[in-house]
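Chemist: Before I ask anything, let me first share the structure, which is written out below as structure tokens.
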Amino acid sequence: MLLPLKAVALAFVMLIAAPPARAADTVTADDTARFLAGMMPSADSPLLPLTRDPAWRQHARFFDQAFAQLEQRQLSKIRAWAEANLAAPRPTMFYMFSGPDFLYADAFYSRATTYVLSALEPPGSVPDLTRLPRGGVGAALYNVERSLSSILSFSFFITKKMKVDLHAGEIGGTLPILYVFLARSGKTIRSVTPVTLDENGIVSTEGAGRGAVRGARITFAGNDGVERTLYYFSTDLSNSGVKASGFLKFCETLAPGNSLIKSASYLMHAGNFTVVRDFILKNSATIVQDDSGIPLVYFNQKRWRFFPFGRYAGPIAEFPGRYQESYAELFRRAQPIDFGIGYRWRTHETNLLLAVQLPGDGFGTADAVAQDAPAPKPAPPRPRAPRQPAPFFGQPGGFFWFGR
28 MLLPLKAVAL
38 AFVMLIAAPP
48 ARAADTVTAD
58 DTARFLAGMM
68 PSADSPLLPL
78 TRDPAWRQHA
88 RFFDQAFAQL
98 EQRQLSKIRA
108 WAEANLAAPR
118 PTMFYMFSGP
128 DFLYADAFYS
138 RATTYVLSAL
148 EPPGSVPDLT
158 RLPRGGVGAA
168 LYNVERSLSS
178 ILSFSFFITK
188 KMKVDLHAGE
198 IGGTLPILYV
208 FLARSGKTIR
218 SVTPVTLDEN
228 GIVSTEGAGR
238 GAVRGARITF
248 AGNDGVERTL
258 YYFSTDLSNS
268 GVKASGFLKF
278 CETLAPGNSL
288 IKSASYLMHA
298 GNFTVVRDFI
308 LKNSATIVQD
318 DSGIPLVYFN
328 QKRWRFFPFG
338 RYAGPIAEFP
348 GRYQESYAEL
358 FRRAQPIDFG
368 IGYRWRTHET
378 NLLLAVQLPG
388 DGFGTADAVA
398 QDAPAPKPAP
408 PRPRAPRQPA
418 PFFGQPGGFF
428 WFGR
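Throughout the sequence shown, residue numbering follows the working numbering, covering 28 to 431 in sequence.
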């Protein structure tokens, strides 16, 4: 009886050590993200048969080409710029007025472990794609492509267009776009949870009370295996909106962080967004922004060091009256840049400002700036502007050196 007992014991050990089998009909968030992004889901995913649909195959080819060009034209260059100019980043990054733009949050601040994105657009939801009606998958994929058209071409969402696209079809809101960006950024989604914020900034998964801020919490990992968290909140960032919600109270629990501001409609130039503007200035170790962000006049010149890159050509025609003489003066000593960003998305027109808050009054950012670095050499002659590629979706309506 000894040998049979050993065999039984061995079988029992193997049984309890084996990972639990995934239910055959379970569609994971990660597989859904890969499918929407035009990437193959896992081999046992119920979505796998849908990849034989000609609509999905065309969608995959389109996204493969679009994201490959975006990677070559912008994202790889942004990561190289960040590696050279952002030393010792904080664990948290704030991206106000972001929409679902995780793509550029990750490109600029890939070492963050907590991302907080916020805008008016609702989080929405992503249904089980295997249960969509006949023809529904193709329509859903087309809607995702339309929603991403402007950001793939010009690096920003067109707000009016996004309001329409994110409410159309079987899937809507920002979640499907976040899924695509996470998958195409090489991330693996581990969990997705609807969350709310109460007036005290407390995160809850129990449902929304009156006036609660709705959002989503996504945990994911990149190639390094480190688990990270992405929060997206649908919230009004105007003075009355943030005063009535607990959003900034929640952000305070994660501060100080680093901030990204781009294509922000120059909202913080006006008096109705002073609360969020002051929060960013108080709680950011670094701010990376284009000129649509915080006007230079609101920075305490004794507390901040500025590192301009590119060329300041002023606001585009859609935003008259937002020209800044101080910006123009600052950018006369700018370093060159080899990628485009923001409303001035052409490389030879782009402006990018890195603002670094110096230590003082309990705000320790000594690790975020090279203290003894020499002054920069004069900028070389500006290279001739490269010819910009055609958009994928048609035509569009004394400083200190900072680095490693």
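C-beta: ideal position from N, C-alpha, C; glycine also.
#1: For Thr256 and His296, I'd like the C-alpha separation in whole angstroms.
#2: Using DSSP with H/G/I as helix, E/B as strand and the rest coil, what is Gly268?
#3: Spell out the partners DSSP gives Asn285 in its beta bridges.
#4: Can you tell me whether Ile307 is helix, strand or coil according to DSSP?
#5: Provide the residue span of the beta strand (DSSP E) that contains Phe333, from first to last.
#6: Are there 16 or more other CB atoms within 10 angstroms of the CB of Lys214, so buried, or fewer, so exposed?
#7: Determine the extent of the beta strand (DSSP E) in which Tyr258 is found, giving its start and end residues.
#8: Is it true that the CB of Ala82 sits closer than 8 angstroms to the CB of Val164?
#9: According to DSSP, is Tyr325 helix, strand or coil?
#10: Taking the alpha-carbon positions, what's the Leu264 to Arg371 distance?
#11: By DSSP's criteria, Ile245 is part of a beta bridge. Which residues make up the other side?
#12: Who are the Cβ neighbours of Arg61 in its own chain at under 7 angstroms, not counting the five residues just before and after it?
#13: For Asn299, which three-state DSSP category applies?
#14: If I follow the unbroken beta strand (DSSP E) through Ala291, where does it start and stop?
#15: For the beta strand (DSSP E) that contains Gln384, what are its first and last residues?
#16: What whole-angstrom Cβ distance do Pro150 and Arg241 have, given they're in contact under 8 angstroms?
#17: Go through its chain and collect everything with a Cβ distance to Asp52's Cβ below 7 angstroms, but skip five positions before and after it.
#18: Based on the DSSP output, what are the partners of Leu144 in its beta bridges?
#19: Quick one: residues in its chain with C-beta nearer than 7 angstroms to the C-beta of Phe300, no 5 flanking neighbours on either side, listed in chain order?
#20: Can you check whether the CB of Val222 is closer than 8 angstroms to the CB of Ala243?
#21: In whole angstroms, give me the CA-to-CA distance for Gly273 and Thr232.
Modeler: In short:
#1: 30 angstroms
#2: helix
#3: Met120 and Thr313
#4: The answer is helix: DSSP assigns Ile307 an H, G or I state.
#5: Run containing Phe333: Trp331 to Gly337, per the beta strand (DSSP E) assignment.
#6: buried
#7: Glu254 to Ser261 is the span of the beta strand (DSSP E), which, as asked, contains Tyr258.
#8: yes
#9: helix
#10: 24 angstroms
#11: Val219 and Leu257
#12: Beyond the five residues adjoining it in sequence on each side, Arg61 comes within less than 7 angstroms, by CB distance, of Met67, Pro68 and Ala210 in the same chain, given in chain order.
#13: helix
#14: Looking at the DSSP string, Ala291 is not in any beta strand (DSSP E), and its letter there is neither H nor E.
#15: Asn378 to Gln384
#16: 6 angstroms
#17: Within the same chain, and ignoring the five residues on either side of Asp52 in sequence, the residues whose Cβ sits closer than 7 angstroms to its Cβ are Pro73.
#18: Tyr122 and Tyr259.
#19: Leu264, Ser265, Asn266 and Leu294
#20: Between Ala243 and Val222, the C-beta spacing is below 8 angstroms.
#21: 15 angstroms
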